[in-house]
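Trainee: For the sequence shown, the residue numbers in the numbering used here are 234 to 651. All C-beta atoms in this analysis are idealised placements derived from N, C-alpha and C, irrespective of residue type, glycine included.
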Amino acid sequence: MATRKKMFAASLSDLYDKARSLVSSPTSVPAPAPVHMEILPMSPPGEEKPRILMNPDHQAELEVLLAPITENEPCGPAMRYDPAFTEIRLAREEDDPSLPMGQWERPLKRADWVFIEDRCKGMLANRSKDLQLAVWLLESWTRQHGFEGLLRGLHLVDELLRQHWTAVHPVIDEDNDCDARIAPLVWLNESMSMTLKVHVPLLNVAGRKPPKVSFADWERLTARELSGQDHATDKTSGVDSSDLPLIREDVISYAHQHLYYELQTRIDLVRRCLICLSSLTSFVDTQLGMDSPNLARLHGTLTSIERVFTQLIPVKNEPAVMEELPVPHGVNMSSATAGEMIMAPPVTLSHWQSRHEAYVTLEAIADYLAVVEPHSPTPYLLRRAVNWGRMPLPELMAEIIREEGDLNRLMNVLGLRE
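Shown next as structure tokens:
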């Protein structure tokens, strides 16, 4: 038993050291100029909602879009069959460049995202507050501005529903049939998941054709690596390197050398998107209960992208002034030399803005440990703890305690019994 306790203590100590390197701020690279952001408490008093950081200019724009159209009719009339809706639908249409056109070859039709943005904003602010217009505007912002646009759009949709739930179009009818109301959210879950995978670049690799690397590209590169395909022969064949297929190792190397702060900004945007999406999901679940749409696919795509960014962002391990740790009670250090004293660098912890961000950090630690210590049980235990933390209590108890009510097993799992 004593040996097992020592091994467990050593494992915890090792995890603690590595966790510090993940959450410490890099000190050797000059910090970029601060981005001016403000905290936006937009929901009505009494509503529980995470505090989301947004650009002040975007905040002012959202206030215009959310303001009541008239005092008597704050959301305006329903305009689904207005010609303006048809114009927006037609402007969204575009050809898939990956599909063959055969003998009917012609210039590819491209969606006009600037036109869509302008028309959606005009209608939301002045004519009709429709959830479909809000998700189309979210799509336009995402296609033009990437993760920043997605964050603006999620915040708009969340606030539109919170501030105008009873009157926003499409309205819930007298029979409480909410199918029309949730249809735009179902579309959001399905369509935006694909948009994030294909059309929003994770990063740009200079000197490549094309330079953009999407999440779908990353998945293909990972599949290539796992299948054992190697392009080493291509690199020595005299072919222009810009025409060679990318390999995952090259993308990681380029990101580590050139894109530290850019990727830090993007992963921060993704994490704030996850917070805002969780807020939207929570509110709709509260309003609709069992009829609430499932937004898990979009959440899963964002979570996967966040994990890719944790692999692309290098961990900065810098030497720090060493400080002496207190000697544990009962340990005799009289025979140790000065160089043998237990030393550790000071710890700088991040200021998490939500419970979700804390769990995301634990997942990042688990991913790191799974790579550097593949035989250790620690990453699996961390992931299990994160999953438990996200479960409601009845579901958690059902998993831990078997039908016969194994209280002893629960005590052992929680480490409350020798």
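Is the separation between the beta-carbon of CYS308 and that of VAL390 shorter than 8 Å?
Mentor: By 1-based counting over the sequence shown, the position of residue 308 is 75. By 1-based counting over the sequence shown, the position of residue 390 is 157. No, the Cβ-Cβ distance between CYS308 and VAL390 is not below 8 Å.
Trainee: Whole angstroms are fine: how far does the CA of SER373 sit from the CA of LEU366?
Mentor: Residue 366 sits at position 133 when you count from the first residue of the sequence shown. Residue 373 sits at position 140 when you count from the first residue of the sequence shown. Cα to Cα, LEU366 sits roughly 10 Å from SER373.
Trainee: Would ALA589 and LEU502 qualify as a contact pair, given that the criterion is a beta-carbon distance under 8 Å?
Mentor: Along the sequence shown, one-based indexing puts residue 589 at 356. Along the sequence shown, one-based indexing puts residue 502 at 269. In the sequence under discussion, the amino acid at residue 589 is His, which differs from the Ala named in the question. Not closer than 8 Å, so no.
Trainee: Nearest chain D C-beta to SER424 closer than 8 Å, yes or no?
Mentor: No chain D is part of this structure, which consists of one protein chain only.
Trainee: Pick helix, strand or coil for LEU502, following the three-state DSSP scheme.
Mentor: Position 269 of the sequence shown holds residue 502. In the structure shown, LEU502 sits in a helix (DSSP, three-state: H, G or I).
Trainee: Mind checking GLU452: buried by the 16 CB within 10 Å criterion, or exposed?
Mentor: Residue 452 sits at position 219 when you count from the first residue of the sequence shown. Looking at its Cβ environment, which holds fewer than 16 other Cβ atoms inside 10 Å, GLU452 is exposed.
Trainee: Out of LYS354, ASP328, ILE349 and GLU327, point me to the one whose CA is closest to GLU296's CA.
Mentor: Sequence index remark: in the sequence shown, residue 296 carries index 63 (1-based). GLU296 has its Cα closest to that of LYS354, out of LYS354, ASP328, ILE349 and GLU327.
Trainee: For TYR487, collect the residues of the same chain with a Cβ closer than 6 Å to its Cβ; drop the 5 residues on either side in sequence, then sort them by chain order.
Mentor: The count along the sequence shown starts at 1 and reaches residue 487 at position 254. Hits under 6 Å: VAL438.
Trainee: Please go through the same chain and pick out, in chain order, the residues whose beta-carbon is closer than 7 Å to the beta-carbon of VAL368, but skip the five residues on each side of it.
Mentor: Position 135 of the sequence shown, counted from the first residue, corresponds to residue 368. Contacts found: VAL390, PRO417, TRP420 and LEU421.
Trainee: Alpha carbon to alpha carbon, what distance is there between TYR314 and THR375?
Mentor: Numbered from 1 along the sequence shown, position 142 holds the residue referred to as residue 375. Numbered from 1 along the sequence shown, position 81 holds the residue referred to as residue 314. Straight-line Cα distance between these residues: approximately 26 Å.
Trainee: Under a Cβ-count criterion, where at least 16 other Cβ atoms within 10 Å of its own Cβ denotes burial, should ASP410 be classed as buried or exposed?
Mentor: On the sequence shown, position 177 is the one that residue 410 refers to. It is exposed - the Cβ of ASP410 has fewer than 16 other Cβ atoms within 10 Å.
Trainee: In the DSSP assignment, the beta strand (DSSP E) including ASN437 goes from what residue to what residue?
Mentor: Sequence index remark: in the sequence shown, residue 437 carries index 204 (1-based). 434-437 is the extent of the beta strand (DSSP E) around ASN437.
Trainee: Using the Cβ count rule (16 or more neighbours within 10 Å means buried), how would you classify GLY522?
Mentor: On the sequence shown, residue 522 is found 289 positions in, with the first residue counted as 1. Burial call: exposed.
Trainee: Suppose the cutoff is 8 Å on Cβ atoms and the five residues either side in sequence are ignored; what does the same chain contact list for LEU614 look like?
Mentor: By 1-based counting over the sequence shown, the position of residue 614 is 381. For LEU614, where only same-chain residues beyond five positions count, there are no Cβ hits under 8 Å.
Trainee: What does SER447 pair with, by DSSP beta-bridge criteria?
Mentor: One-based indexing of the sequence shown puts residue 447 at position 214. PRO434, per the DSSP bridge assignment.
Trainee: Within 10 angstroms of its Cβ, does HIS291 collect 16 or more other Cβ (buried), or is it exposed?
Mentor: Numbered from 1 along the sequence shown, position 58 holds the residue referred to as residue 291. It counts as buried.
Trainee: Between ARG530 and ILE415, what straight-line distance do the alpha-carbon atoms span, to the nearest angstrom?
Mentor: Reading the sequence shown from its first residue, position 297 is the one you call residue 530. Reading the sequence shown from its first residue, position 182 is the one you call residue 415. Rounded to the nearest angstrom, the two C-alpha atoms are 15 Å apart.
Trainee: Where does ASP410 sit, in a helix, a strand or coil, going by DSSP?
Mentor: Counting from one through the sequence shown, the residue named residue 410 turns up at place 177. Coil.
Trainee: With DSSP collapsed to three states, give me the class of HIS402.
Mentor: Mapped onto the sequence shown, residue 402 falls at position 169. Strand.
Trainee: Suppose you measure from the CA of PRO443 to the CA of HIS378; what does that come to, to the nearest Å?
Mentor: Here residue 443 is taken as the residue at index 210 of the sequence shown, counted from 1. Here residue 378 is taken as the residue at index 145 of the sequence shown, counted from 1. Their backbone Cα atoms lie some 18 Å apart in a straight line.
Trainee: Among GLY533, CYS509, TYR493 and SER525, which one has its Cα closest to the Cα of PHE448?
Mentor: Along the sequence shown, one-based indexing puts residue 448 at 215. The residue with the shortest Cα to Cα distance from PHE448 is GLY533.
Trainee: Please classify SER470 as buried or exposed, where buried requires at least 16 other C-beta atoms within 10 Å of its C-beta.
Mentor: The residue labelled residue 470 in the question sits at position 237 within the sequence shown. Because the pLDDT at SER470 is just 44, under 50, the model does not fix this residue reliably, and the point stays unresolved.
Trainee: Considering only C-alpha positions, which residue in the set HIS489, ARG504 and GLU458 is nearest to LEU479?
Mentor: Stepping through the sequence shown from its first residue, residue 479 is reached at position 246. The option with the nearest alpha carbon to LEU479 is GLU458.
Trainee: If you compare alpha carbons, which of SER511, ASP406 and THR303 is closest to SER587?
Mentor: Locating residue 587 in the sequence shown gives position 354, where the first residue counts as 1. It is SER511 whose Cα lies nearest to the Cα of SER587.
Trainee: Would DSSP call ASP315 helix, strand or coil?
Mentor: Numbered from 1 along the sequence shown, position 82 holds the residue referred to as residue 315. If DSSP states are grouped into helix, strand and coil, ASP315 belongs with coil.
Trainee: Just the C-alpha distance for ALA311 and ASP363, rounded to the nearest angstrom, thanks.
Mentor: Position 78 of the sequence shown holds residue 311. Position 130 of the sequence shown holds residue 363. Distance between the alpha carbons of ALA311 and ASP363: 8 Å.
Trainee: Whole angstroms are fine: how far does the CA of MET427 sit from the CA of GLU304?
Mentor: On the sequence shown, residue 304 is found 71 positions in, with the first residue counted as 1. On the sequence shown, residue 427 is found 194 positions in, with the first residue counted as 1. About 39 Å.
Trainee: Where do the N-terminal and C-terminal ends of the alpha helix (DSSP H) with MET356 fall, by residue?
Mentor: For the purposes of this step, residue 356 is identified with residue 123 of the sequence shown, where counting begins at 1. Element bounds for MET356: 346-359.
Trainee: Given this structure, state the Cα-to-Cα distance separating VAL517 from ASP351, to the nearest angstrom.
Mentor: The sequence position of residue 517 within the sequence shown is 284, counting from 1. The sequence position of residue 351 within the sequence shown is 118, counting from 1. Approximately 27 Å, taken between the alpha carbons.
Trainee: Between which residues of its own chain and TRP398 is the CB-CB distance below 7 Å, once the five residues before and five after are set aside?
Mentor: Translated into the one-based positions of the sequence shown, residue 398 becomes position 165. Answer for TRP398: GLN520, listed in chain order.
Trainee: What are the boundary residues of the alpha helix (DSSP H) that ASP391 is part of?
Mentor: Taking the first residue of the sequence shown as position 1, residue 391 is located at position 158. ASP391 -> alpha helix (DSSP H) spans 380-397.
Trainee: Per the DSSP calculation, ASP363 is bridged to which residue(s)?
Mentor: For the purposes of this step, residue 363 is taken as residue 130 along the sequence shown, with counting starting at 1. DSSP lists HIS402 as partners of ASP363.
Trainee: Secondary structure at CYS308, three-state DSSP: helix, strand or coil?
Mentor: In the sequence shown, counting from the first residue as 1, residue 308 sits at position 75. Correct three-state label for CYS308: coil.
Trainee: Mind checking ALA569: buried by the 16 CB within 10 Å criterion, or exposed?
Mentor: Position 336 of the sequence shown holds residue 569. With a pLDDT of 42 at ALA569, under the threshold of 50, the modelled position of this residue cannot be trusted; read the value that follows with caution. Its Cβ having fewer than 16 others within 10 Å, ALA569 is exposed.
Trainee: Can you find the residues in the same chain that come closer than 7 Å, C-beta to C-beta, to LEU496, ignoring five residues on each side of it along the sequence?
Mentor: Stepping through the sequence shown from its first residue, residue 496 is reached at position 263. Excluding sequence neighbours, LEU496 sits near LEU436, ALA488, PHE542, LEU545 and ILE546.
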